[in-house]
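Undergrad: Could you have a look at this structure, given as structure tokens, before my questions?
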Amino acid sequence: MKVIIVAGFLGSGKTTLILSTIERLNEVTGQKTGIIVNDFGKVNIDGKIMEKYGLDVKEVQGGCICCSLGSFLLDTVQKLAVNMSPDFIVIEPSGIAHPQQIVDTLDAYHGPPLEYIRSIVVMDVARFEKISKTMGVPFEKQVTSADAIVLNKIDEMNGTDIDSIEARLREIGFKGKIIRVSATERTNIDDVIEVMVNQ
Numbered sequence: 002m003k004v005i006i007v008a009g010f011l012g013s014g015k016t017t018l019i020l021s022t023i024e025r026l027n028e029v030t031g032q033k034t035g036i037i038v039n040d041f042g043k044v045n046i047d048g049k050i051m052e053k054y055g056l057d058v059k060e061v062q063g064g065c066i067c068c069s070l071g072s073f074l075l076d077t078v079q080k081l082a083v084n085m086s087p088d089f090i091v092i093e094p095s096g097i098a099h100p101q102q103i104v105d106t107l108d109a110y111h112g113p114p115l116e117y118i119r120s121i122v123v124m125d126v127a128r129f130e131k132i133s134k135t136m137g138v139p140f141e142k143q144v145t146s147a148d149a150i151v152l153n154k155i156d157e158m159n160g161t162d163i164d165s166i167e168a169r170l171r172e173i174g175f176k177g178k179i180i181r182v183s184a185t186e187r188t189n190i191d192d193v194i195e196v197m198v199n200q
């Protein structure tokens, strides 16, 4: 069982990316995916897609799964693992969470073994400057704790500006893979799947 953390600030397009990716992942591999969402009430998950692909979505509400609700996250992962036996569990934390907090929480997991934990941070390229300035340290923590960064909504910005964003991420210290996508247009979704499935 593999765990994929999909983090990012509110409005970055995490949910759209998750749905597009899981639908494509199912087409490519035929593997089962469970989803854990923090603040589920704010997220519009398409029930028809869940039903079609056998997705099991669990919500963890009332706080942040990387902090106050860590034990609930562990419980939820274990229940999904036992009841569904998914090939993948995708965790979508609240916007302010950074992946390393969730990885640290999962260190205490004692259920069926995890093959690996992969963290992806989604960023809205059109709001990159604003978010990087207003969020400061939390933004940098998200960047430096990610295995891959997905620059989303590339259809809303020219390539030169996106090059500048990539350069800024490298300046901050990010050394992993940067993927340019449009989750709504499903552009380069296969590149995201490659990060999810390849060790």
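Just so you know, we're using my numbering here: the sequence shown kicks off at 2 and counts up by one.
Note that beta-carbon positions come from the ideal geometry of N, C-alpha and C, so glycine has one too.
Going by C-alpha distance, which of Asp191, Ser133, Ser72, Val138 is nearest Ile180?
TA: If we check each option's Cα against that of Ile180, Asp191 comes out closest.
Undergrad: Nearest-angstrom Cα distance between Phe140 and Met124?
TA: Those two C-alpha atoms are separated by around 10 Å.
Undergrad: Here's the rule I'm using: 16 or more other beta-carbon atoms within 10 Å means buried, otherwise exposed. How should Lys43 be labelled?
TA: At Lys43 the pLDDT is 48, less than 50, meaning the model places this residue with poor confidence; the figure from the coordinates comes in the next sentence. Per the 10 Å Cβ criterion, exposed.
Undergrad: Thr145: which of Ile103, His99, Ser165, Val126 sits nearest, CA to CA?
TA: Closest by alpha carbon: His99.
Undergrad: With a CB to CB cut of under 7 Å and the five nearest residues on each side skipped, what residues in its chain are close to Leu11?
TA: Contacts found: Gly96.
Undergrad: Please state whether DSSP places Asn39 in a helix, a strand or coil.
TA: Of the three classes helix, strand and coil, the one that applies to Asn39 here is strand, per DSSP.
Undergrad: Would you mind stating whether Glu186 and Asp156 have Cβ atoms separated by less than 8 Å?
TA: In this structure, Asp156 lies closer than 8 Å to Glu186 by Cβ.
Undergrad: Under 8 Å by Cβ, that's how I've got Val151 and Ile121 pegged, so tell me the actual separation to the nearest angstrom.
TA: Confirmed, about 6 Å.
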